[in-house]
Amino acid sequence: MLYLNIIVSGLLTGAVYGLMALGLSVIFGVIRIVNFAHGEMMVLAMYGAYVVNARLGLDPLLVLPLVTLALFGLGYALQRLLINRYIARPDHEQFLLLLALATIITASLLMGFGPDARNVQLDYGYDSYQIGAILLDKVRVFAAGGAVLGAAALWSFFRFSRTGKAIRACADNQVGAQVVGLDVKRLYAVTFGLGAACVGAAGCLLLLLVDVQPYIATDYTLLAFIIVILGGLGSMPGALLGGILVGVSEALAGFLVEPSLKSAFSFGLLILVLLVRPQGLLGRA
Amino acid sequence: MRAMAARDLSPRRAAALGLFVAVMLLLPLLVNAYIVSVLVVVLFSAYFGQSWNIMTGFAGQLSLGHALYVGLGAYTSAALFVHFGLLPWLGMLAGMAVAALAGGAIAALSFRFRVGGVYFALLTIAFAEFTRILFDHFGWVGATEGLFLPVANLAHDDPLRLRGSPRMFYYLLLALSLAALALSHHLLNRRVGYYWQAIREDEEAARALGIDVFRYKVAAMALSAAMTALGGGVLAFYDNNLYPDTVFAMSRSIEIITAPIIGGLGTLFGPVLGAVLLTGLGEIMTNLSNAAEISGLKQWFYGAALLAIVALQPSGLWPWLRRRLGLEEGRR
């Protein structure tokens, strides 16, 4: 029963990881850019939710739409004004560009908030639901629920809206999309905005579960890489599956072996998947 | 071959190189101890950058996890010295062998399974991080507690046992850097160098020309890893203490690659120029932000500088400076 509890808790956390990684996956799947500033953007969102919570006492869940919108705007503007010029450049130049952005975000947060860990106080922070023998933290259920809703919203957008369909057309065939008159630049900006919106929402949800400090950003960037590669870069269900796998494996490793070894398991899993099935579990060959 | 020799002997380039070496030889005699310690950091950065440049600049395979080879070189030589009293230089040879095997194996696994481009870059991070966490739990080398080398206060420098003043390390690293420069130059003008550049520019075309792409990519990685590990060994005996979280740090991998990219990826002198600029900039920023007592200011300017360079000179500063100084190679 204890195991079941740990697995379910890992599953719920994993859903939030999945939403975060979804953003990376969408950006790579369409624009073919690896967002090395992904974790940094999420930590920025976490600080946004933290500030509103600290000033106005608002629950991060209520701030979520605002932060998500703000991150969408940031992502849109970054792609439009800066990143778009590098989409045809070599990998290492894109890497340097996003590394520079990541460094600036972390440094700005460090200047604004210092290196100390921050968290939000919630009056339901220690409540839990009991279903049979399983005990679920209320915050974790809320976070996972929000993540699933967010992923569903993104999926419906790509499935049903005209813009979403146009973006998928760009991803499948960029030249073809241009030929039929799609505004690829704008669609790329929307895509990067959506990817950033994913980390905006995921950041607010994750703030329910963990402390935030500027330097954890790199860990989240790496985590997002692991997840999308596990699931398959560019695959939306893959990102969610990868997130849940990593969430569960972290929870189990933290309990069974040693907490400090938990990311070794994730990296080990990643190495295994890359070597055996480089396109990821749900990626297309 | 004669055309190349002629190109090497272009008087302007020879004079520039001679002037550079002369300045570097005299520099530590003219400046204070603090500057010497900064110059040591510059030379470490330059040497690691040159080593990484072989893999990514010449052969075109983006490695983002070179801290792995720094760590393997540092830990192998330091552990052999601490536990068995093995001479540092022999330990460093062992470290180079370990790193070459690790790098070769990672490259062979990746390229055999056709992992390339971005996926390869992320795989190199994964191996480096995985190894870092393993070393965190590796008791024989001190795990997270760290591995310490006995500090000896010697009256004179002892290059054989790698005990001595920062100035000794400066000259040692200068020698390594110049050797790496010479080796890079030599390789670029040999068959293997042309093969690497062909692979970098167009792998399929290179394969179609009959180049054994797999073999030359693995060779580039093994050589690059071994060279990096040699620097790692020197780093161990310079720092005298090793912690997995700093030696294998992701941030170290990033530092290793920023200098050559900023200096000019794939160029011979780019890594050196990038190291001078970045370390110098970093030191100035550290002093300024310490004076201003704002944490994060240094990183902010660092990020802004990277952004400015990638926006203005994305192919690096050395190609630009080389044009300005009239040191361009005769051909190309």
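If you read the protein sequences in the order shown, they are chains A and B. Following my numbering, the numbering of the first sequence begins with 1 at its first residue and continues without gaps. Following my numbering, the numbering of the second sequence begins with 1001 at its first residue and continues without gaps. All C-beta atoms in this analysis are idealised placements derived from N, C-alpha and C, irrespective of residue type, glycine included.
How far does the beta strand (DSSP E) with residue i in it extend, from its first residue to its last?
i: D1202 of chain B; result: Run containing D1202 of chain B: none; DSSP gives neither H nor E here.
i: Q174 of chain A; result: No beta strand (DSSP E) holds Q174 of chain A; the alpha helix (DSSP H) holding it covers Q174 to V179.
Which stretch, first to last residue, makes up the alpha helix (DSSP H) that contains residue i?
i: E22 of chain A; result: A small correction: the amino acid at residue 22 of chain A is Leu; Glu does not occupy that position in the sequence shown. L22 of chain A -> alpha helix (DSSP H) spans L2 to I31.
i: L135 of chain A; result: Per DSSP, L135 of chain A belongs to no alpha helix (DSSP H); it is in the beta strand (DSSP E), I134 to D137.
i: D219 of chain A; result: A217 to G231
i: A1305 of chain B; result: L1297 to L1312
i: Q279 of chain A; result: Per DSSP, Q279 of chain A belongs to no alpha helix (DSSP H) and is neither H nor E.
i: I1211 of chain B; result: No alpha helix (DSSP H) holds I1211 of chain B; DSSP gives it neither H nor E.
i: M42 of chain A; result: H38 to L56
i: V1021 of chain B; result: P1011 to L1030
i: M1055 of chain B; result: Segment: none, M1055 of chain B is in no alpha helix (DSSP H) and carries neither H nor E.
i: L1277 of chain B; result: G1270 to A1292
i: D1245 of chain B; result: P1244 to V1247
i: H1083 of chain B; result: A1067 to F1084
i: L209 of chain A; result: Premise fails: L209 of chain A is in no alpha helix (DSSP H) and is neither H nor E.
i: L1317 of chain B; result: L1317 to L1325
i: V246 of chain A; result: M236 to L256
i: E1328 of chain B; result: Run containing E1328 of chain B: none; DSSP gives neither H nor E here.
i: L1260 of chain B; result: Sequence check: residue 1260 of chain B is Pro here, not Leu. Element bounds for P1260 of chain B: M1250 to G1264.
On a Cα-Cα basis, can you pick out the residue from the options that is closest to residue i?
i: L1160 of chain B; options: B:A1033, B:M1055, B:L1273 and B:F1237; result: B:F1237
i: L1027 of chain B; options: B:L1223, B:L1307, B:M1168 and B:L1101; result: B:M1168
i: A217 of chain A; options: A:N35, A:G280, A:S128 and A:T191; result: A:N35
i: G1049 of chain B; options: B:A1180, B:V1151 and B:G1296; result: B:A1180
i: L1281 of chain B; options: B:L1268, B:A1304 and B:R1207; result: B:A1304
i: R1132 of chain B; options: B:T1267, B:G1104 and B:A1249; result: B:A1249
i: L1090 of chain B; options: B:G1233, B:G1103 and B:V1272; result: B:G1233
i: Y1302 of chain B; options: B:P1319, B:G1326, B:R1200 and B:G1274; result: B:G1274
i: F142 of chain A; options: A:A133, A:L96 and A:Y124; result: A:Y124
i: A127 of chain A; options: A:D137, A:V120 and A:N119; result: Here residue 127 of chain A is Asp; the residue named in the question, Ala, does not match the sequence. That would be A:D137, whose Cα lies nearest to the Cα of D127 of chain A.
i: I1106 of chain B; options: B:M1055, B:A1292, B:A1094 and B:D1136; result: B:M1055
i: C170 of chain A; options: A:L207, A:R32 and A:V228; result: A:R32
i: A1220 of chain B; options: B:G1326, B:F1058 and B:T1258; result: B:F1058
i: A1097 of chain B; options: B:V1247, B:T1228 and B:F1120; result: B:T1228
i: G203 of chain A; options: A:L270, A:G23 and A:K185; result: A:G23
i: V210 of chain A; options: A:V120, A:T106 and A:V26; result: A:V120
i: G231 of chain A; options: A:V276, A:A251, A:L208 and A:G200; result: A:V276
i: E1283 of chain B; options: B:V1036, B:S1165 and B:V1023; result: B:V1036
i: Y17 of chain A; options: A:G243, A:P278 and A:N53; result: A:G243
i: R1370 of chain B; options: B:G1296, B:G1263 and B:A1292; result: Here chain B comprises residues numbered 1001 to 1332, so residue 1370 of chain B is not present and cannot be evaluated.
i: G1071 of chain B; options: B:A1226, B:F1269, B:S1010 and B:G1193; result: B:A1226
i: G288 of chain A; options: A:L187, A:A15 and A:Y215; result: Only positions 1 to 285 of chain A appear in this structure, which leaves residue 288 of chain A out of reach.
i: V1213 of chain B; options: B:G1117, B:A1292, B:L1176 and B:F1111; result: B:F1111
i: L1187 of chain B; options: B:G1266, B:T1279 and B:L1149; result: B:G1266
For the ligand FMN, any of its heavy atoms closer than 7 Å to the Cβ of residue i?
i: V257 of chain A; result: No copy of the ligand FMN appears in this structure; indeed no ligand is present at all.
Residue ranges of each alpha helix (DSSP H) run of no fewer than 4 residues wholly in the region 1101-1185 of chain B, ordered along the chain? Taken in chain order, the complete alpha helix (DSSP H) segments of 4 or more residues contained in the region 1101-1185 of chain B are 1117-1136.
Closer than 8 Å is the cut-off here; do at least three beta carbon pairs connect the region 155-173 of chain A with the region 76-94 of chain A? Fewer than three pairs of CB atoms, one per stretch, sit closer than 8 Å, so the region 155-173 of chain A makes no contact with the region 76-94 of chain A.
The region 1114-1127 of chain B: positions lying closer than 8 Å to chain A by Cβ: Within the region 1114-1127 of chain B, contact with chain A at the beta-carbon level (separation under 8 Å) is assigned to R1114, V1115, G1117, V1118, Y1119, A1121, L1122, L1123, I1125, A1126 and F1127.
Between the region 80-99 of chain A and chain B, which residues of the former have a C-beta closer than 7 Å to a C-beta of the latter? Residues are counted here when their Cβ sits less than 7 Å from a Cβ of chain B; for the region 80-99 of chain A these are R89, D91, H92, E93, L96, L97 and L99, given in chain order.
What alpha helix (DSSP H) runs, 4 residues minimum, are completely inside the region 64-143 of chain A? The qualifying runs are 91-113.
Report yes or no: do the region 45-61 of chain A and the region 237-253 of chain A share at least 3 C-beta pairs separated by less than 8 Å? Touching, no.
Check whether the region 187-195 of chain A touches the region 1077-1091 of chain B, taking contact to mean three or more Cβ pairs, one atom from each stretch, closer than 8 Å. Using a C-beta cut-off of 8 Å, the region 187-195 of chain A makes no contact with the region 1077-1091 of chain B, since fewer than three inter-stretch Cβ pairs fall below that distance.
Is it the case that the region 251-271 of chain A contacts the region 1278-1288 of chain B, given that we only count it when at least three CB pairs across the two stretches are under 8 Å? Contact between the region 1278-1288 of chain B and the region 251-271 of chain A is absent, because fewer than three Cβ pairs lie under 8 Å.
Name the residues in the region 1293-1313 of chain B whose C-beta lies less than 9 Å from a C-beta of chain A; which are they? Answer set for the region 1293-1313 of chain B: I1294, S1295, G1296, L1297, K1298, Q1299, W1300, F1301, Y1302, G1303, A1304, A1305, L1306, L1307, A1308, I1309, V1310 and A1311.
Would you check if the region 1115-1128 of chain B and the region 1061-1068 of chain B touch, i.e. whether three or more CB-CB distances between them fall below 8 Å? Yes, the region 1061-1068 of chain B is in contact with the region 1115-1128 of chain B.
May I ask you to list, following chain order, the residues of the region 1127-1145 of chain B that have a beta carbon less than 7 Å from some beta carbon of chain A? Identification of residues in the region 1127-1145 of chain B having a C-beta nearer than 7 Å to some C-beta of chain A yields F1127, E1129, F1130, I1133, L1134, D1136 and H1137, given in sequence order.
Interface positions of the region 1037-1062 of chain B facing chain A (Cβ-Cβ less than 8 Å), listed along the chain: Using a CB distance below 8 Å, the part of the region 1037-1062 of chain B facing chain A consists of T1056 and L1062, ordered along the chain.
Check distances from the C-beta atoms of the region 257-268 of chain A to those of chain B and list, in chain order, the residues that come in under 7 Å. For the region 257-268 of chain A, which is checked against every Cβ of chain B, the residues closer than 7 Å are S260, L261, S263, A264, F267 and G268.
Name, going along the chain, the residues of the region 1201-1212 of chain B whose beta-carbon falls closer than 8 Å to a beta-carbon of chain A. The residues in question: there are none.
Evaluate contact between the region 66-75 of chain A and the region 240-251 of chain A, counting only Cβ atoms and requiring at least three cross-stretch pairs below 8 Å. The region 66-75 of chain A makes no contact with the region 240-251 of chain A; the number of CB pairs closer than 8 Å stays below 3.
To be precise: take each residue of the region 104-130 of chain A, compare its Cβ to all Cβ atoms of chain B, and keep it if any distance is under 7 Å. Which residues remain? Residues I104, T106, A107, S108, L110, M111, G114 and P115.
Members of the region 210-231 of chain A near chain B, C-beta cut-off 7 Å: Taking a C-beta cut-off of 7 Å against chain B, the contacting residues of the region 210-231 of chain A are T218, L222, F225 and I229, listed in chain order.
Quick one: any contact between the region 261-280 of chain A and the region 52-62 of chain A, if contact means 3 or more CB pairs under 8 Å? Contact fails: fewer than three Cβ-Cβ distances are below 8 Å.
At least three beta-carbon pairs within less than 8 Å, the region 211-227 of chain A to the region 22-41 of chain A: Contact between the region 211-227 of chain A and the region 22-41 of chain A is present, with at least three C-beta pairs closer than 8 Å.
Any chance the region 1022-1041 of chain B sits against the region 1171-1185 of chain B, with 3 or more Cβ pairs inside 8 Å? Taking 8 Å as the limit for Cβ pairs, the verdict is that the region 1171-1185 of chain B does touch the region 1022-1041 of chain B.
Any contact between the region 1034-1051 of chain B and the region 1206-1221 of chain B? By contact I mean 3 or more CB pairs, one from each, below 8 Å. Contact fails: fewer than three Cβ-Cβ distances are below 8 Å.
Any C-beta of chain B within less than 7 Å: which residues of the region 23-38 of chain A qualify? Flagged, chain order: V34.
Along the region 1244-1258 of chain B, what residues have a CB closer than 9 Å to any CB found in chain A? Listed in chain order, the positions of the region 1244-1258 of chain B with a beta carbon within less than 9 Å of a beta carbon of chain A are M1250, S1251, I1254, I1257 and T1258.
The region 1259-1287 of chain B: positions lying closer than 7 Å to chain A by Cβ: If the cut-off is 7 Å between Cβ atoms, the region 1259-1287 of chain B has I1261 and L1265 near chain A.
Under 9 Å (Cβ pairs) to chain A, residues found in the region 1169-1200 of chain B: Result list empty, no residue passes.
In the region 1099-1114 of chain B, which residues sit with their C-beta less than 8 Å from some C-beta in chain A, listed in chain order? Contact residues of the region 1099-1114 of chain B toward chain A are L1109, S1110, F1113 and R1114 (C-beta to C-beta distance below 8 Å).
Listed in chain order, which residues of the region 43-64 of chain A have Cβ atoms closer than 9 Å to some Cβ of chain B? Of all residues in the region 43-64 of chain A, none has a Cβ within less than 9 Å of some Cβ in chain B.
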